[in-house]
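All remarks here apply to the structure that follows.
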Amino acid sequence: MYGLIHLSFRSFVRERLGNSVWEQVVKQRELTEEAFVSMSGYSDNITIGMISAAAHISGKNFNEILEQFGRYWIDYMSNSEYAAMMSFAGSDLIAFISSINDIHKAVNETIEGTKTPTFDILKVSDKVIIIRYKSERSGLLPFVIGLLKGLFEKFNVSGTIAPKKAGKKSLEIKISLS
Amino acid sequence: MISLQIYLNEADLNNISPSIILFDSDLYVSFHGSLYGKNVKGRHINEILDLSIKENVFFKESTDIIYDVVARLKFVDLKIVGDIYRTSDGFLYSARPDVKSLEEAVQAGLSMSSFRPGDPTYKALLLAHMQQSLLDQYRELALRLTEARHGLIEPIANMWEMSAFIAHDFKNYLNAIGMSADRIEMLGLPAAADSSLELIRQAVVQASSLADAISDVARNHKYDQASFEFHRILRANMRIFEAMLSKSIELELKLTDGPLHLRGNIPVFLGCIMTIISNAKQALGESGTVSLSTAVLELAVADADLALRPGRYAIISIVDNGPGIPSELLSQVTKPFVSTKGAGRGLGLASAAEYCRRQDGALRILSSPGSGTRVDMYLPLVQD
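Chains as they are written, first to last, in our numbering: chain A, 1 to 178; chain B, 1001 to 1384.
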């Protein structure tokens, strides 16, 4: 994962779970400032370790934290130095999802060794969007669900998000807009 | 708004003979041409040229053939800007020309969907944005590391100066205690107090000797001295100085012509410059300008105020346009442990002033509230 995720997660824990939880996470995981250089790549173990520790310390479920963090990520990015990029990605849900792969390509070309997921729109109708999420990593579905919920809030839409067909490293997700 | 976009097949590019150009309508310009020996007319319009007028802008091309096409489109008021790019599928795409940064694109109301799929412009904008972010991040990191390093080195580098200062001030307090003891004796206190006064005097003498010893050691400590050309080491360290300032603080250089040959301890000297720049940054807060200038002073007669002997001096001035230093603090800021920053240790300017003094130079600070601060280092010039 790249450090921006860590920066965002630190902000998420401080804001949503409290400073004391974050202090305990830092202590437990022996985190130093070096883990928070936003455009550097880090081992997934550091990231997962942070999330696990935050879940354990706050008494919440790992997946629950992951989804909340995914939701928070959209808000965090939209108000960070990447706000312009978030605006550039699109002004509606479909345009934005369509742009994620290009953003990730730019990330990959900028930061060596990053492995970003892809989001392909398979089908679009008035009320239904089917996307295929592919990732080298497993277990991050709650984060993706959180991201999509964050995008719902960003673009002021409502609906449901349901995982459908699961492949080895991919997953189809059905978004039904209300 | 009219724009013209051109999509060219690279393979055909060298063979196009743009002999016929037809203007079909207000919204569409089609090109009818021929490849050498082969009529391409309408069949290849979309493969060879797709000129769609949406904006009153045309894109700069890298090939003569396109200029030729443009030259023939005299009936359209075209402005040539932007570039045509080569893409992996072998096509050259024209790009959205008037946008030079992602921020500009957003301000212009553009998003990725405003661009044709595969158009390299938005990819370039994204990449440039990412890379700029990366540079900003590393700049911030460099600043943090520089400050951390400076924070570690500075106390060690200044240890001798501080020892001398502390010993000096310590002796002042001892003198005050000794004089008070004399005064107490003159008051004619009971004899029982005499032995206590004697103890005080003995302690004062012993502590004073200790302070003298510390002072002697400190003053006899010699820096490793080397000759150096200031402008050269300034340029070599510019990135560090720039990294010390935030992105929105500009560092201006106004250097005098010719070299400035100085003698001194380069790390300690650089530490002094870093201290002054760091102070300027803290004074400015989020934004402002720090200027670093150099000049040569020919001093025919001694300058009593600065305690400078006649001679040639380099003046290295670091000026900020921050809020300035309150007048009541100005005369104090070169004394140790006096700080305008509250939590600061107040050693930086004191040690910079001591460094200049040791090099037979001087340090002068000019400031008033609202008019910024100017720190001048006067250092003797040496022969090349």
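A virtual CB, placed ideally from N, CA and C, is assigned to each residue, including glycine.
Could you check which residue in the options has the C-alpha nearest to that of residue i?
i, options, result
"A1307(B)", "M1274(B), I1316(B), Q1282(B) and E1354(B)", "E1354(B)"
"H1129(B)", "K165(A), I97(A) and A89(A)", "A89(A)"
"A1270(B)", "A1226(B), D1136(B), R1183(B) and S1133(B)", "It is worth fixing the name first, because residue 1270(B) is Leu in this sequence and not Ala. For the residues A1226(B), D1136(B), R1183(B) and S1133(B), the minimum Cα distance to L1270(B) belongs to A1226(B)."
"F1230(B)", "E1242(B), E1250(B), R1263(B) and L1199(B)", "R1263(B)"
"T1121(B)", "L1134(B), I1325(B), S1133(B) and S1101(B)", "S1101(B)"
"D1376(B)", "I1273(B), R1358(B) and N1265(B)", "I1273(B)"
"A55(A)", "N79(A), F9(A) and I97(A)", "F9(A)"
"E1103(B)", "A95(A), E81(A) and E67(A)", "E81(A)"
"A1213(B)", "A1167(B), Y1313(B), V1301(B) and Q1107(B)", "A1167(B)"
"E1298(B)", "P1190(B), Y1378(B), S1196(B) and V1217(B)", "Y1378(B)"
"D1224(B)", "P1267(B), I1184(B) and E1250(B)", "P1267(B)"
"S1133(B)", "A95(A), K168(A), A83(A) and R137(A)", "A83(A)"
"I5(A)", "I130(A), Y76(A) and N19(A)", "Y76(A)"
"K154(A)", "E112(A), R71(A), Q28(A) and L31(A)", "R71(A)"
"R1309(B)", "R1357(B), D1182(B) and K1123(B)", "R1357(B)"
"L17(A)", "L66(A), L31(A), E30(A) and T32(A)", "L66(A)"
"S138(A)", "E112(A), N156(A) and K168(A)", "K168(A)"
With 8 Å set as the bound, which would you pick, yes or no: does the beta-carbon of residue i sit closer than that to a beta-carbon of chain B?
i, result
"D126(A)", "no"
"G90(A)", "yes"
"M50(A)", "no"
"I175(A)", "no"
"V107(A)", "yes"
"E67(A)", "no"
"A54(A)", "no"
"T114(A)", "no"
"T32(A)", "no"
"F9(A)", "no"
"T47(A)", "no"
"I74(A)", "no"
"T118(A)", "no"
"L17(A)", "no"
"I121(A)", "no"
"D44(A)", "no"
"A84(A)", "yes"
For residue i versus residue j, is the C-beta distance shorter than 8 Å?
i, j, result
"A162(A)", "K149(A)", "no"
"F179(A)", "F152(A)", "Outside the displayed span of chain A (1 to 178) sits residue 179(A), for which this structure offers no information."
"L147(A)", "L171(A)", "no"
"M1244(B)", "S1208(B)", "no"
"G3(A)", "A53(A)", "no"
"Q1359(B)", "P1380(B)", "yes"
"I1177(B)", "I1200(B)", "yes"
"G1348(B)", "T1275(B)", "yes"
"V107(A)", "T118(A)", "no"
"L1330(B)", "S1367(B)", "yes"
"V1382(B)", "S87(A)", "no"
"I130(A)", "I97(A)", "no"
"T1289(B)", "E1242(B)", "no"
"G1404(B)", "A1350(B)", "Any question about residue 1404(B) goes unanswered here, given that chain B covers just 1001 to 1384."
Contact check, residue i vs residue j under 8 Å by CB: the rounded distance?
i, j, result
"L1319(B)", "R1374(B)", "The sequence given here places Val at residue 1319(B); Leu does not occur at that position. Confirmed, about 5 Å."
"M1112(B)", "D102(A)", "6 Å"
"T110(A)", "Q1282(B)", "About 32 Å separates the two Cβ atoms, so there is no contact after all."
"F1170(B)", "A1211(B)", "5 Å"
"M85(A)", "L1126(B)", "7 Å"
"S176(A)", "V128(A)", "6 Å"
"I1315(B)", "L1284(B)", "Contact doesn't hold; Cβ gap of about 22 Å is too wide."
"I1184(B)", "L1197(B)", "6 Å"
"V26(A)", "I57(A)", "In fact, because the Cβ distance is near 11 Å, the residues do not count as touching under 8 Å."
"S178(A)", "S158(A)", "5 Å"
"A1218(B)", "S1287(B)", "So it is not a contact: roughly 40 Å between Cβ atoms."
Please decide whether residue i counts as near chain A, where near means a Cβ-Cβ distance under 8 Å.
i, result
"M1377(B)", "no"
"S1248(B)", "no"
"K1074(B)", "Model confidence at K1074(B) stands at a pLDDT of 37, short of 50, so the residue's coordinates are unreliable; what they give is reported in the following sentence. Output row for K1074(B): interface = no."
"S1111(B)", "yes"
"K1100(B)", "no"
"K1123(B)", "yes"
"M1130(B)", "yes"
"V1382(B)", "no"
"R1086(B)", "Residue confidence is low: R1086(B) scores 42 on pLDDT, short of 50, so the model does not pin down where it sits. No coordinate-derived value is stated."
"L1245(B)", "no"
"A1105(B)", "yes"
"S1287(B)", "no"
"S1368(B)", "no"
Validate contact between the segment 46-61 of chain A and the segment 110-126 of chain A using beta carbons, cut 8 Å, 3 pairs: Taking a contact to require three or more Cβ pairs closer than 8 Å, the segment 46-61 of chain A and the segment 110-126 of chain A do not qualify as touching.
The segment 1252-1272 of chain B in contact with the segment 1286-1296 of chain B per 3-pair CB rule at 8 Å: Proximity of the segment 1252-1272 of chain B to the segment 1286-1296 of chain B meets the contact definition, three or more beta-carbon pairs being nearer than 8 Å.
Residues in the segment 1317-1330 of chain B having any Cβ partner in chain C nearer than 7 Å: You won't find chain C in this structure, because its protein chains are A and B.
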